[in-house]
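So in the numbering used here, spot 16 of the sequence shown is number 54, and the numbers just go up one at a time. Notes to accompany the following structure.
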Amino acid sequence: MRILFAPGIFPPDAGGPATFVPDISTEFDRRGHETLVVTNGDPAPSVDEEFPFDVVRVRPDPALTRYPRQLRTVVGTARSFDPDVIFANAFDWPAVVAGTLTRTPVVVKVVGDMAWERAKVRYDVTDDIEAFARRRYGPRVELHRAVRTAQTRGADHVAVPSHYLKNLVAGWGVDADDITTIYNAIDTGAITETATGESSDIVTVCRQVEWKGVRGLIDAVAAVADSVPDATLHVIGDGPHQQRFERYAARTVDADRVVFHGRVPHDDVLEHVADSRVFALNSTYEGLPHAVLEAMACGTPAVVSDAGGNPSGRRRGVGVRRPAG
């Protein structure tokens with residue numbers, strides 16, 4: 039079978055699709071299928087040569103030229119590669135259009151509501167994801183919602199990592215029979231780090247946006263400053279609100295109690311997680327994050343909110359749920 043993978047991001051970038059797609063495409067190639075990846079990003083020959091398949095990249099131009107270039111590249115790649123199926127992960131609308139023009143089935147993996155996320159980041163919408171589904175907003179937000187719905191409903195099938203997301207996507211008008219829940223997974227054999235439990239550090243790995251609950255973790259560190267004087271919060275990941283959180287931490291706790299690492303290599307992330315006493319994810323919304331599964335694989339106790347798909351990752355003795363906030 040010939041499979042065209044269309045992730046929105048790919049190594050050396052970090053994030054869900056950049057973790058998931060290299061693994062699954064490499065595994066399909068190992069099993070004898072012919073695979074090819076088309077993605078966003080500058081040329082990265084030293085990275086691409088590590089994979090047993092070709093990687094086609096779309097240069098990250100300004101939006102006015104980037105979107106037409108994305109469409110031309112994905113459609114052109116689909117026509118030349120002639121896949122049996124297109125699998126999109128955060129590159130949905132070019133993949134759906136390419137599938138329509140080339141009469142190729144398209145499967146999209148939905149890990150969240152991109153319309154809601156953009157409304158939160160760009161337009162300061164304060165509603166949570168469930169309130170967002172019920173309310174109506176200005177034309178710009180509604181345009182993002184319309185695009186999200188159209189590209190999802192335009193796919194032949196939708197894969198989601200949790201039942202929570204299946205119900206969410208069904209609310210967009212996608213037939214429940216066209217949605218399959220496939221839980222995220224990791225290769226535990228590839229994780230060699232083992233939790234030491236010797237420090238009092240707390241680590242969180244997330245995109246720096248408001249719904250990840252970083253402020254609440256900063257407040258928690260401030261609350262235990264006297265009882266656990268050596269507790270330090272390590273925040274790994276970057277995002278549009280990182281400077282906002284850094285300023286909040288500076289006002290709330292001593293400077294050495296919260297460390298923002300920004301984006302770090304994946305192997306270093308696992309080392310931080312294994313060296314910490316607790317992994318914490320205080321998000322008010324999630325699909326099913328790989329970071330929680332990796333913390334469990336390291337043996338680091340994971341304290342996660344009960345929001346979205348987080349409860350799906352709980353395992354007795356390792357995963358603990360608490361209300362978000």
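Backbone N, C-alpha and C fix where the C-beta goes; we use that ideal spot for every residue, glycine too.
Could you tell me the boundaries of the beta strand (DSSP E) in which residue i lies?
i	result
S343	A340 to S343
K158	Looking at the DSSP string, K158 is not in any beta strand (DSSP E); the run it does join, the alpha helix (DSSP H), is M152 to Y161.
V145	V144 to K147
A44	R40 to P45
R95	D92 to V96
For residue i, which residues from the same chain have a beta carbon less than 6 angstroms from its beta carbon, with the 5 sequence-adjacent residues on both sides left out?
i	result
V311	V241, F317, A333, C336 and T338
P90	D67
T218	A197
A126	A44, A133 and V146
A52	R301
H195	V145 and D216
A153	H182, R183 and R186
F298	V273 and E284
For residue i, count the other beta carbons within 10 Å of its own beta carbon; 16 or more makes it buried, fewer makes it exposed. Which is it?
i	result
D130	buried
G355	Residue confidence is low: G355 scores 43 on pLDDT, short of 50, so the model does not pin down where it sits. No coordinate-derived value is stated.
E65	exposed
L308	buried
G251	buried
N205	exposed
Q189	buried
H161	Note on residue identity: the sequence assigns Tyr, not His, to residue 161. The residue is exposed, with fewer than 16 neighbouring Cβ atoms inside 10 Å.
L102	exposed
T226	exposed
T77	buried
G150	buried
G70	exposed
L139	exposed
A184	exposed
E88	exposed
F121	In the sequence on display, residue 121 carries Pro and not Phe. P121 comes out buried.
G137	buried
Excluding the five sequence neighbours on either side, which residues of its own chain have a C-beta within less than 8 angstroms of the C-beta of residue i, listed in chain order?
i	result
G211	T187 and R191
S238	V266, D268, A269, T270 and R315
A261	none
D276	R245, Q246, G300 and R301
G46	P55, T77, N78, N127, A128 and F129
D99	R107
Can you name the start and end residues of the alpha helix (DSSP H) that residue i belongs to?
i	result
T103	A101 to F119
E72	Here E72 belongs to no alpha helix (DSSP H); instead the beta strand (DSSP E) covers E72 to N78.
F125	Counting along the chain, F125 falls outside any alpha helix (DSSP H), though it belongs to the beta strand (DSSP E) covering V123 to N127.
R141	That residue, R141, is in no alpha helix (DSSP H); it is neither H nor E in DSSP.
A197	Looking at the DSSP string, A197 is not in any alpha helix (DSSP H); the run it does join, the beta strand (DSSP E), is H195 to V198.
R186	P177 to R191
F89	First-last for F89: undefined, no H or E at that position.
A169	I167 to R172
P55	G54 to R68
Looking only at its chain, what residues have a beta carbon closer than 7 angstroms to the beta carbon of residue i, apart from the 5 residues adjacent to it on each side?
i	result
P49	A56, P60 and V85
P81	R95
W249	K158, S321, T322 and Y323
S63	F43, T73, V75 and F91
Y286	R253 and I256
L109	P132 and V135
G54	V149 and H328
### Message
Threshold first: 3 residues or longer. Then list the beta strand (DSSP E) segments lying entirely within the region 208-248, N to C.
### Response
217-219 and 240-243
### alpha helix (DSSP H) runs wholly inside the region 244-330, at least 4 long, in chain order
252-261, 280-290 and 304-313
### Query
Just checking, does the region 289-302 make contact with the region 252-264 on the three C-beta pairs under 8 angstroms criterion?
yes
### Message
Three or more C-beta pairs under 8 angstroms: does that hold for the region 113-127 against the region 156-172?
### Response
no
### Task
Report yes or no: do three or more beta-carbon pairs, one from the region 133-147 and one from the region 171-180, lie closer than 8 angstroms?
no
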